[in-house]
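Protein chains in written order, with full-length UniProt numbering: chain F, 1 to 295; chain Z, 1 to 295.
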């Protein structure tokens with residue numbers, strides 16, 4: 001007891017240090033979770049970064065967080081010269097016709113998992129990729145286009161291996177005796193068959209000329225928007241794809257494709273002509289009123 | 001000292017409780033940050049949901065997480081009848097020309113903040129919105145199209161109020177004396193001027209007929225992809241927009257627009273013709289080789 005009473009102040013100090021450490025740690029956890037937990041992070045006024053509301057040309061916020069905690073004074077864009085902009089303007093009838101035509105085209109789009117091995121002109125693919133970022137000028141992404149058969153096959157092996165783990169882990173007992181039946185779920189032969197695999201890497205941060213890191217805010221939203229335009233561009237030339245987000249394969253595929261550490265795999269899109277016997281699930285579309293409200 | 005020694009066990013117990021509480025709390029923080037931090041979450045095998053890798057028709061994973069912790073046996077899509085699919089196929093020369101034409105069109109796209117108040121035919125807007133989800137059939141989103149001037153003005157007030165807070169909080173001392181100069185940063189008169197405001201709400205979960213909730217996996221990626229197609233559709237008819245993600249305004253705008261609790265505001269897009277004197281920053285585009293790698 002005497003020993004204890006002597007140790008009391010020591011004990012108190014040690015425990016205070018432990019608590020202090022944990023407080024700091026829990027705060028760090030919150031802070032580091034902010035970049036991916038955008039919405040949640042944004043709610044906390046204390047952690048709000050200096051960002052403009054606008055996704056500059058739909059790609060990123062170029063605010064620069066300096067290491068001393070100071071925010072950059074101004075928005076990169078504000079320093080740029082503004083130039084007049086007058087895009088093509090169509091008569092109302094033409095607008096209406098164009099809006100109908102694109103709707104008709106895009107309404108035929110479906111995700112396809114059955115590809116023809118036929119080659120597709122490389123120049124078409126280049127133009128499609130070129131189209132995706134469009135108005136964007138400081139793109140926080142890299143599109144890796146793979147046509148080399150060996151690399152495609154290595155990608156397939158990585159994806160299938162992880163997919164098998166995913167399925168086995170989640171199957172539970174009721175499925176474990178019937179592997180053959182669900183094996184089709186993780187076999188992705190289209191990764192060999194499709195003439196191109198497009199792997200979209202988002203850059204979570206960029207490197208400035210002075211070697212400092214620049215956070216790419218909203219990089220996931222930006223890259224996904226770009227992929228939407230990519231899907232439109234593929235449909236426009238009669239090619240098909242299926243957007244997939246391979247679980248847990250990102251790091252392995254990043255290393256295989258020699259992408260730097262600031263890039264993360266967001267999507268993998270096999271691209272090609274559909275197989276002549278391709279099928280798609282017989283979905284029924286939602287009517288417009290279910291997805292649109294007019295006020 | 002005697003009092004202290006008597007209190008030592010009590011003190012120890014209290015401190016242990018505090019530490020225990022903080023450990024739990026810090027663990028909760030990590031767990032709750034997982035849903036938004038998809039990539040991070042996906043790395044932890046324990047938290048992997050039962051999802052197919054593919055974003056079904058680019059919109060969502062329809063896996064159903066039942067409340068008892070069991071995962072649904074099968075994938076909704078697998079139960080659907082498959083039907084043959086053969087989209088239009090073009091000769092190579094036509095493909096090449098179409099890919100160039102769309103690139104040329106989309107390459108002219110820029111984010112515009114200066115709108116003309118001229119009305120835009122409602123039917124064109126409907127067709128544009130209809131185009132956005134395209135191949136998708138169980139869309140986890142709602143597009144709210146606002147043309148009512150009062151509602152537009154209320155939206156502007158909410159956005160500007162939050163934006164002013166955002167700027168003031170981040171300005172620090174060096175700016176605080178020069179409010180007038182940066183006021184332009186939070187004044188968004190285009191929210192009154194543009195004939196339409198399109199507010200894109202993502203549904204973080206859906207409600208099944210049996211009133212159970214169904215998680216919409218990848219809802220942010222899916223909605224962003226859809227917005228990419230929306231941008232293409234707007235450019236296709238000669239309209240302009242700027243994609244913005246209003247910070248901290250989501251809950252107020254959701255209530256104003258009477259959207260249900262499972263919807264979160266992801267983007268706000270003013271839509272209209274550009275003002276005759278519209279300008280855009282004089283960006284230089286990155287060359288294709290900077291954003292594309294061929295393997």
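We put the beta carbon where it would ideally sit given N, CA and C, even for glycine. Every value quoted in this text rests on a predicted model; they were computed, and no experiment measured them.
Residue 296 (chain F) classed as buried or exposed, judged by whether at least 16 other C-beta atoms fall within 10 angstroms: Outside the modelled stretch of chain F, which goes from 1 to 295, sits residue 296 (chain F), for which no answer is possible.
Residue 99 (chain Z) by DSSP, collapsed to three states: which one? helix
Hey, would you say residue 268 (chain F) sits closer than 9 Å to residue 159 (chain F), going by beta carbons? yes
Segment limits, beta strand (DSSP E) that includes residue 131 (chain F): From DSSP, residue 131 (chain F) is part of no beta strand (DSSP E) but of the alpha helix (DSSP H) over 122 to 131.
Extent of the continuous beta strand (DSSP E) run through residue 281 (chain Z): That run of the beta strand (DSSP E) goes 279 to 281.
Can you check whether the C-beta of residue 92 (chain F) is within less than 9 Å of a C-beta belonging to chain Z? Yes, its Cβ sits closer than 9 Å to a Cβ of chain Z.
Are any of the Cβ atoms in chain Z nearer than 9 Å to that of residue 232 (chain F)? Chain Z, which has a Cβ nearer than 9 Å to the Cβ of residue 232 (chain F), makes this yes.
Within 9 Å of any Cβ in chain Z, is that where the Cβ of residue 213 (chain F) sits? no
Residues from the region 265 to 284 of chain F in contact with chain Z, defined by Cβ distance under 9 Å: 265, 266, 267, 268, 273, 274, 276, 277, 278, 279, 280, 281, 282, 283 and 284
Identify every residue that forms a DSSP beta bridge with residue 213 (chain Z). DSSP output for residue 213 (chain Z) lists Z:207 as bridge partner(s).
Smallest Cα separation from residue 262 (chain F): which of F:108, F:126, F:118 and F:219? F:219
Going along chain F in order, which residues have a C-beta closer than 9 Å to the C-beta of residue 143 (chain Z)? 291, 292 and 293
8 Å Cβ shell around residue 277 (chain Z) - same chain, five flanking residues per side excluded: 114
Can you tell me the Cα-Cα spacing of residue 117 (chain Z) and residue 190 (chain Z), whole angstroms? 9 Å
Does the Cβ-Cβ distance between residue 196 (chain Z) and residue 120 (chain Z) come in under 9 Å? yes
Residue-level contact to chain F via CB, residue 85 (chain Z), 9 Å cutoff: Chain F, which has a Cβ nearer than 9 Å to the Cβ of residue 85 (chain Z), makes this yes.
Step through the CB atoms of chain Z and report whether any lies within less than 9 Å of the CB of residue 228 (chain F). Yes, its Cβ sits closer than 9 Å to a Cβ of chain Z.
For the pair the region 94 to 112 of chain F and the region 250 to 264 of chain Z, tell me if three or more CB-CB distances fall below 8 Å. no
For residue 263 (chain F), the first and last residue of its enclosing beta strand (DSSP E): First-last of the beta strand (DSSP E) with residue 263 (chain F): 263 to 271.
Quick one: what's residue 84 (chain F) bridged to in DSSP? DSSP, once it has assigned bridges, lists Z:279 as partnering residue 84 (chain F).
C-beta neighbour in chain F for residue 236 (chain Z), strict 9 Å: So yes, residue 236 (chain Z) belongs to the interface.
Looking at the unbroken alpha helix (DSSP H) that takes in residue 223 (chain F), where does it start and where does it end? Per DSSP, the continuous alpha helix (DSSP H) segment holding residue 223 (chain F) begins and ends at 219 to 236.
Are the C-beta of residue 254 (chain F) and some C-beta of chain Z separated by less than 9 Å? no
When burial is assigned at 16 or more other CB atoms within 10 Å of the CB, is residue 169 (chain F) buried or exposed? exposed
Inter-residue CB distance, residue 228 (chain Z) and residue 228 (chain F) (contact presumed, cutoff 8 Å): 2 Å
Cβ neighbour criterion (16 or more within 10 Å) applied to residue 292 (chain Z): By the 16-neighbour rule on beta-carbons within 10 angstroms, residue 292 (chain Z) is buried.
If we call anything under 9 Å between Cβ atoms a contact, is residue 147 (chain Z) one with residue 295 (chain F)? yes
In the DSSP output, which residue or residues are listed as bridge partners for residue 146 (chain Z)? Z:197
For a contact defined as C-beta to C-beta under 7 Å, what are the partners of residue 133 (chain F) on chain Z? Chain Z residues near residue 133 (chain F): 291.
Can you name, in chain order, every residue of its own chain whose Cβ lies under 8 Å from the Cβ of residue 192 (chain Z), other than the five neighbours on each side? 149, 152, 153 and 156
Can you pull the chain Z neighbours of residue 116 (chain F), defined as C-beta to C-beta under 7 Å? Residues of chain Z passing the Cβ test: none, with the nearest at roughly 10 Å.
What did DSSP end up calling residue 293 (chain F) once you bin it into helix, strand or coil? strand
Residue nearest to residue 244 (chain F) in terms of C-alpha spacing, selected from F:233, F:236, F:259 and F:270: F:270
Taking CB distances under 9 Å as the criterion, tell me whether residue 260 (chain F) reaches chain Z. False, the Cβ-Cβ gap to chain Z never drops below 9 Å.
CB residue 222 (chain Z) to CB residue 216 (chain Z), shorter than 9 Å? yes
Find the residues of chain B that neighbour residue 225 (chain F), judging by a C-beta separation of less than 8 Å, and give them in chain order. Going by chain labels, chain B is absent from the structure shown, which instead holds the protein chains F and Z.
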